[in-house]
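Visitor:
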Amino acid sequence: MSVNEMTTSGTEAALELARAIAAVDAADSSLGMLRAVAALAQTRSTGAIVKLIEVLRYNNPGAAVAAVEGLVAIGEPSVLPLLELMDGYNYGARAWAMRALSQIGDPRGLSVLLEALVDFSLSVRRAAAKGLGSLLWEAVEPGQLDGMRGQILEALSQSLCDDEWVVRYASVVGLEGLAMGTIEFASAPGTELRDRVAIALQKVATADSEVAVSTRATLAVRNLAEAG
Amino acid sequence: MTNPDSASQDASTPRQMSPEIAIADLQQTEDTSRRYYAAWWIGNQRVADLAAREALIAALRDETDRSPDGGYPLRRNAAKALGKLDDRAAVEPLIACLGCDDYYVRESAARALEALKDSRAIAPLVALLDGGVAAAVAVPGKPHLVQPYDAILEALGALNARDAIAAVEPFCQHETARVSYSAHRAMYQLTDETRYAEVLVQALQGKKLQLRRSALLDLGAIGYYPAARPVAETLAENSLKLISLQGILARVVREAGGDALSEQTVETLKLMDDLL
C-alpha cells in the first residue's frame, strides 16, 4: 500500500467514525439507537470509546449491550476512560461499566471492582463479583499476585453472604474463576487458596437457601475437583 | 456487611424498626402513615407473629386511611403483607377483600391468595371473571380495567384451578397484551400444553420493552425450559433475565429429582453466568 493510499484510508476511517458517532446522536428510536451503537462498536476504534461509554447512561439495555461489546473488543484502551468516567454514573450505567471492566479483566480495575462489591446497587455488586474472578493474571507482576488474590478471596467470601441471591451467585462464579486462575497461573500458596475456596463453596452448596445459588456452588465444586 | 438497599429505606424512617414497634404502630389508629409503613415492614421482614397477623387482618377492614380517589391504601399494604406471611388464617379475610370497591385492594388480595396457595380462593377468583372478555373493559377515567385480570388469571394458574379452564381460556384473546399473557401463563400451568408457553416466548420479540419484561417474568414463573435461550437473548435488562432464568432453573432442578447437575441444569447455569 502506498503512503497516499494509507492517508486516504486513514481519512476514510476518521470520516466513518465521525458518521457513526453522529448517527448515535441522531437516533430517534430505541431500535435506531441500538443499530447506531452496534455500528459504532463495529468500528473498533479508540475514537469510539467516549461515545460508547456515554451510551451506557441512556437506559437502553440493547444499546448498552452493544456498547459493552464494543468496549470489550477495543479492550485495554477502554480501561482508563472507564475508570475515569465511572464517577457520577447512575447505577444502571455503573453496572454496565462494571461489566465492561469485568470482561476486559485488566488488573488496574481491581480497586474499583473491590469497591463496587459493596455498592448500593445490586447489579453493580453482581458484575463486580463476577469480574473479580476473571482478572488477567499474566498482566500482574509475580510479586503482587498472592496479595491481590488474597484480597479478592477475602472480599468475595464476604459477598457470599449478600442479601441478594444474584450477588451470592456471582460471588460463587467469581470464586470459582479465582481458584481456576491459580491452576493456570500458579503461585506458591495456590493450592491453599484453592482449598479455602473449595471449602467456602461446599458450604454454600449445602447451606444457601436459594436453589440457583446452591446449585451453582455444587457445579463450581465439581469443576474445581475435575480441574485438579 | 451493610445492606445499603435497606439503609436507603431507613433514611425515610425516623427510627429503628423492630417487630414489636411495627406491631404497635399497626395496632394504633392515630397516625395513618405509621400504620401504612408498619404493614409494609411486617410483610417485607416476614414477621411470623400471631399479633402481627391479627393486626394485618384487622387492617383489611380499615376505614380511616383513605386516598383522594376513595381508595384504601392501608388495606392494600395489609393484603400484600399477608401474602408474604404464609398463614392460612388470612385466606377468608383476603377472599372478603376481593369484593372491595378499591381495585388495588382486589389486586393485592388476588396476588396474596396466589401466594398462600389455598384452593378456597378459586371459586371467588373465578367469580371475578364473570361476563368474560366482553365485560373486561377499561374503567372510564382510570388507568385500569374493571377487574385486576392479570392478577386473577395468574392466581388461578398458580392454584392449579383446572375447573377454571373454561373461564380462563377466552382471556388469551384479550386485547390488552398484559392480560393475554397472564391467561397464556395460566393456561400453560393448567393444561401443560406448550402452545400457550410458546406464545410467551414469541412475546420476547415484542416491540415494547415493558411487554418483553412482562413475558420474561411470565416465563420465569412457569419455569418453561425451552425458553431459556430466548430469555437470555431478549433485549432487556440482565437483572430481569436472571430472575426469569432463576425461575426456569428452579423447575429444572425440581424435576431432575436426585440429579443435582443434569444437562438442562448446567445449560441454564451457563446462560445465567453470561448475564452477570
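Chains as they are written, first to last, in numbering that gives the first Met the number 0: chain A, 0 to 227; chain B, 0 to 275.
The C-beta atom is built at its ideal place from N, Cα and C for all residues, glycine as well.
Source: prediction; values computed, not measured.
For the putative contact between residue 125 of chain B and residue 136 of chain B, defined by C-beta atoms under 8 Å, what is the C-beta separation to the nearest angstrom?
Guide: Position 126 of the second sequence, counted from the start, is the residue given in the question as residue 125 of chain B. Position 137 of the second sequence, counted from the start, is the residue given in the question as residue 136 of chain B. About 19 Å; that fails the 8 Å criterion.
Visitor: Just to make sure I have the definition right: I need the residues of chain A whose C-beta is within less than 8 Å of the C-beta of residue 248 of chain B. Which are they?
Guide: Indexing the second sequence from 1 puts residue 248 of chain B at position 249. Simply 210, 211 and 214.
Visitor: By the three-class DSSP mapping on this structure, what secondary structure does residue 274 of chain B have?
Guide: On the second sequence, position 275 is the one that residue 274 of chain B refers to. If DSSP states are grouped into helix, strand and coil, residue 274 of chain B belongs with coil.
Visitor: Can we say the region 153-164 of chain A touches the region 121-129 of chain A, given the rule of at least three CB pairs closer than 8 Å?
Guide: Touching, yes, given that three or more Cβ pairs across the two stretches are closer than 8 Å.
Visitor: Is there contact here, the region 211-218 of chain A with the region 188-197 of chain A, by at least three beta-carbon pairs under 8 Å?
Guide: Result no; under three Cβ-Cβ pairs closer than 8 Å.
Visitor: Residues in the same chain with beta-carbon distance under 6 Å from residue 266 of chain A, minus the five sequence neighbours each way, listed in chain order, please.
Guide: Nothing can be reported for residue 266 of chain A, as the shown portion of chain A is limited to 0 through 227.
Visitor: Tell me the residue span of the alpha helix (DSSP H) that contains residue 188 of chain B.
Guide: Position 189 of the second sequence holds residue 188 of chain B. Element bounds for residue 188 of chain B: 176-190.
Visitor: Thinking C-beta only, is residue 200 of chain B closer than 9 Å to residue 218 of chain B?
Guide: Position 219 of the second sequence, counted from the start, is the residue given in the question as residue 218 of chain B. Position 201 of the second sequence, counted from the start, is the residue given in the question as residue 200 of chain B. Contact: yes.
Visitor: Counting only beta-carbon separations shorter than 9 Å, does residue 57 of chain A have a partner in chain B?
Guide: The sequence position of residue 57 of chain A within the first sequence is 58, counting from 1. Judged by the 9 Å Cβ criterion, residue 57 of chain A is not in contact with chain B.
Visitor: Using only the alpha-carbon positions, how far apart do residue 0 of chain A and residue 10 of chain A sit?
Guide: By 1-based counting over the first sequence, the position of residue 0 of chain A is 1. By 1-based counting over the first sequence, the position of residue 10 of chain A is 11. Its pLDDT being 45, under 50, residue 0 of chain A is placed unreliably by the model, and the measurement read from it follows with that caveat. Between residue 0 of chain A and residue 10 of chain A, the C-alpha separation is close to 15 Å.
Visitor: With H, G and I counted as helix, E and B as strand and the rest as coil, what does DSSP make of residue 196 of chain A?
Guide: Here residue 196 of chain A refers to the residue found at position 197 when the first sequence is read from its first residue. Residue 196 of chain A: helix per DSSP, three-state reduction.
Visitor: Is there contact here, the region 92-112 of chain A with the region 51-69 of chain A, by at least three beta-carbon pairs under 8 Å?
Guide: With a cut-off of 8 Å, the region 51-69 of chain A and the region 92-112 of chain A count as touching, because enough Cβ pairs lie within range.
Visitor: Please report whether the beta-carbon of residue 85 of chain B lies at a distance below 9 Å from any beta-carbon of chain A.
Guide: As a working mapping, residue 85 of chain B is identified with position 86 in the second sequence. So no, residue 85 of chain B is outside the interface.
Visitor: Could you work out which residue in A:20, A:60, A:14 and A:38 is closest to residue 29 of chain A when comparing CA atoms only?
Guide: Along the first sequence, read from residue 1 onward, the residue named residue 29 of chain A stands at position 30. If we check each option's Cα against that of residue 29 of chain A, A:60 comes out closest.
Visitor: When Cβ atoms are compared, which residues of the region 111-137 of chain A fall closer than 8 Å to chain B?
Guide: Listed by position, the residues of the region 111-137 of chain A near chain B (Cβ gap below 8 Å) are 117, 118, 119, 121, 122, 125, 126, 128 and 129.
Visitor: Have a look at the DSSP bridge pairing and note the partners of residue 144 of chain B.
Guide: Position 145 of the second sequence holds residue 144 of chain B. In the DSSP output, where bridge partners are listed per residue, residue 144 of chain B has B:137.
Visitor: Three-state secondary structure (DSSP) at residue 85 of chain A?
Guide: Taking the first residue of the first sequence as position 1, residue 85 of chain A is located at position 86. Coil, per DSSP.
Visitor: By DSSP, does residue 104 of chain A sit in helix, in strand, or in coil?
Guide: Numbered from its first residue, the first sequence carries residue 104 of chain A at position 105. Reduced to three states, the DSSP call for residue 104 of chain A is coil.
Visitor: Output, in chain order, the set of chain B residues within a Cβ distance shorter than 7 Å of residue 169 of chain A.
Guide: In the first sequence, the residue the question calls residue 169 of chain A occupies position 170. Chain B residues near residue 169 of chain A: 275.
Visitor: Round the Cβ separation of residue 121 of chain A and residue 64 of chain A to the nearest angstrom and send it over; I've been treating them as touching at under 8 Å.
Guide: Within the first sequence, numbered from 1, the residue matching residue 121 of chain A stands at position 122. Within the first sequence, numbered from 1, the residue matching residue 64 of chain A stands at position 65. Not quite, the Cβ-Cβ distance comes to about 19 Å (not below 8 Å), so this is no contact.
Visitor: Measure from the alpha carbon of residue 168 of chain A to the alpha carbon of each residue in B:38, B:52 and B:245, then state which is nearest.
Guide: Against the first sequence, residue 168 of chain A aligns to sequence position 169. Answer by Cα proximity: B:245.
Visitor: Examine the Cβ distances between the region 110-127 of chain B and the region 64-72 of chain B and report whether three or more of them are shorter than 8 Å.
Guide: No, the region 110-127 of chain B does not touch the region 64-72 of chain B.
Visitor: Provide the residue span of the alpha helix (DSSP H) that contains residue 179 of chain A, from first to last.
Guide: In the first sequence, counting from the first residue as 1, residue 179 of chain A sits at position 180. That run of the alpha helix (DSSP H) goes 164-183.
Visitor: Is the CB of residue 230 of chain B under 9 Å away from at least one CB in chain A?
Guide: Start at 1 with the first residue of the second sequence, and residue 230 of chain B comes out as number 231. Answer no: the Cβ-Cβ gap between residue 230 of chain B and chain A never drops below 9 Å.
Visitor: For residue 60 of chain A, decide whether its Cβ has a neighbour in chain B, counting only Cβ atoms nearer than 9 Å.
Guide: Sequence index remark: in the first sequence, residue 60 of chain A carries index 61 (1-based). Cβ-Cβ to chain B under 9 Å: yes for residue 60 of chain A.
Visitor: Between the alpha carbons of residue 98 of chain B and residue 157 of chain B, how many angstroms are there, rounded?
Guide: Mapped onto the second sequence, residue 98 of chain B falls at position 99. Mapped onto the second sequence, residue 157 of chain B falls at position 158. Each residue's alpha carbon lies about 21 Å from the other.
Visitor: Closer than 7 Å by beta-carbon distance: list the chain B residues that pair up with residue 218 of chain A, in chain order.
Guide: Residue numbering aside, residue 218 of chain A sits at position 219 when the first sequence is read from its first letter. In chain order: 260, 265 and 268.
Visitor: Residue 181 of chain A to residue 39 of chain A, Cα distance in whole Å?
Guide: Position 182 of the first sequence, counted from the first residue, corresponds to residue 181 of chain A. Position 40 of the first sequence, counted from the first residue, corresponds to residue 39 of chain A. Spanning the two alpha carbons is a distance of roughly 37 Å.
Visitor: Check residue 59 of chain B in the structure and name its three-state DSSP category.
Guide: If you number the second sequence from 1, residue 59 of chain B lands on position 60. Three-state result, residue 59 of chain B: coil.
Visitor: Could you check whether the Cβ of residue 45 of chain B sits closer than 9 Å to any Cβ belonging to chain A?
Guide: Here residue 45 of chain B refers to the residue found at position 46 of the second sequence. So, not an interface residue.
Visitor: Do residue 132 of chain A and residue 79 of chain A have their beta-carbon atoms positioned less than 9 Å apart in this structure?
Guide: Working through the first sequence from its first residue, we reach residue 79 of chain A at position 80. Working through the first sequence from its first residue, we reach residue 132 of chain A at position 133. No.
Visitor: Is the region 241-257 of chain B in contact with the region 222-232 of chain B, if contact means three or more CB pairs nearer than 8 Å?
Guide: These segments touch.
Visitor: For residue 150 of chain A, I'd like the list of residues in its chain whose CB is within less than 7 Å of its CB, leaving aside the five on either flank, ordered along the chain.
Guide: Here residue 150 of chain A is taken as the residue at index 151 of the first sequence, counted from 1. Result list for residue 150 of chain A: 113, in chain order.
Visitor: Quick one: does residue 93 of chain A have its CB under 9 Å from some CB of chain B?
Guide: For this step, residue 93 of chain A is matched to residue 94 along the first sequence. Judged by the 9 Å Cβ criterion, residue 93 of chain A is not in contact with chain B.
Visitor: Does DSSP put residue 0 of chain B in a helix, in a strand, or in coil?
Guide: Taking the second sequence and counting its residues from 1, one reaches residue 0 of chain B at position 1. Low confidence applies to residue 0 of chain B: its pLDDT is 38, below 50, so where it sits in the model is not reliable enough to give any reading.
Visitor: May I ask you to report which of helix, strand or coil DSSP gives residue 17 of chain B?
Guide: As a position in the second sequence, residue 17 of chain B is number 18, starting the count at 1. Residue state, collapsed to three classes: coil.
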